[in-house]
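In what follows, a single structure is set out as C-alpha cells and then discussed.
Residue numbers (the working numbering), protein chains in the order written: chain A, 10 to 124; chain B, 5 to 255.
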C-alpha cells in the first residue's frame, strides 16, 4: 500500500513531503520518544507521533520510514516542513488520537514491522 | 557586587543543528559585540568545544562557562553549566557512556570540533542529537555532584522541554532554574507556575543561539560578585543580595 492510498482512505491531510506519496508502507510504528523509534521501528513503517519538530524527519530518513503521521491535530513546525519537502518524506496530519488512528490502520491490514 | 549581562545557552558548530560559522572564536567575538559579560557554551551532549571557547574568551576578557545541553532518557533538555573544563569533561564522560549511535552528517548536520584559532580539529562521530539513557533525576544528581548548575531548557517550548515531555516539574527535582526561550515570556511563566521562586527555582532567559546573530537576543543580568556557578546559584535563590534581572538585558 502506498502512502497516497492511506492518506485518501483515512482522511489524513498531506502537509509536506508530497513527492514521497508513492512510498510503500511496510507496516506501522507509534511513539513519541525519538530514541525508542530509532531503536525499535522497522524500515518502511508509517510512524504516528505527536512530535512536530525537525528531528522527526531526520529519524524518518535514518530509518527509511514511509511517512510521518502527526496525530491529535498537531501541525509541523516550518523547518520540519521544509526538511520533509527536501527529503521527500510525507507528513500527514489528523485530528484523531494515536490510539484511534492506529486502530483504523491496523484494521485495514497495516501491521507490525520488525526493527 | 555588579551586574553581569549573561547569555547562558549558546551552541557551537559542534551541535549538528548549529551553523558552521559558530566557531568558539566567532562565538566569543559575537558575544563581546553583543555586550555580554558572561556566556555559557552548551552543545548537545558534548563539551568538546568548551576549552577552545574558554581560551578565546580569556584573551578578550569574556567569561565563558563550560556547559552541555544534555538530552535525558525522557527527551528533556537540561543545561549543565560548570566552572572548569575538567568538570564539564567529567560530565561528558558520563554522557558518552550512555549515548548510543553514530551521527549521519547528511541527515542531522556536521559536528565540528574546533580550536580557539578557528581551525578544525576534527569531527565528532557520536549521535549527539540522541537521548542519553539516563533518567532526568539521575542526570540532575550527577550534574550537581560535579558542582554544576542545573537549568531546564526552553520550558515554554513543546519540544524537548520538561513541561512538553513531562507536563510538570517533579517536586523533588533539584533544579537551579527554568529557562524561557527568546520568544517566550518570563511573566507568562510566573503567572502559569506561581511559587517557583519560593521553591528556590530561579528563572532565566537565554538565546539558545544556533547562529551568530542569535547571540544576546535574550539576556539575563545577574547581580553577583563574580560570574561563577556558586554566585549564579545564589542569584537564582536570591541569597545575600544576589539577584536576577530581566529588564537590563536588551538595551
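Glycine included, each C-beta is placed from N, C-alpha and C at the ideal position.
Just so we're clear, the structure is a prediction, and the values are computed from it rather than from any experiment.
Judged by DSSP secondary structure, residue 231 of chain B falls outside any beta strand (DSSP E); it is assigned neither H nor E.
Between residue 82 of chain B and chain A, the shortest Cβ-Cβ separation is not below 9 angstroms. Excluding five sequence positions before and after residue 11 of chain A, the CB atoms of its chain that fall closer than 8 angstroms to its own CB belong to 30, 31, 32, 33, 34, given in chain order.
Judged by DSSP secondary structure, residue 127 of chain B falls within the beta strand (DSSP E) whose first and last residues are 124-127. Residue-level contact by beta carbon holds for residue 70 of chain A and chain B, with a gap shorter than 9 angstroms. Residue state for residue 11 of chain A is assigned as strand, using DSSP reduced to three classes. Using a Cβ-Cβ distance cut-off of 8 angstroms, the stretch 174-189 of chain B and the stretch 146-156 of chain B are in contact, since at least three pairs of beta carbons, one from each stretch, lie closer than that value. Using a 10 angstroms sphere on the CB of residue 121 of chain B, the tally of other CB atoms stays under 16, which defines it as exposed. In this structure, the straight-line span from the alpha carbon of residue 131 of chain B to that of residue 245 of chain B is close to 43 angstroms. Secondary structure remark: continuous beta strand (DSSP E) runs of at least 3 residues inside the stretch 48-97 of chain B, in chain order: 67-75, 81-85. In this structure, residue 14 of chain B sits away from residue 95 of chain B, with a CB-CB distance that is not shorter than 9 angstroms.
Residues of chain A whose Cβ lies closer than 8 angstroms to the Cβ of residue 135 of chain B are, in chain order, 42, 43, 44. Excluding the 5 residues flanking it on each side, residue 126 of chain B has same chain C-beta neighbours closer than 7 angstroms at 117, in chain order. The C-beta of residue 11 of chain B has 16 or more other C-beta atoms within 10 Å across all chains shown, which makes the residue buried. Out of B:68, B:204, B:223, B:210, the CA that lies nearest to the CA of residue 241 of chain B is found in B:204.
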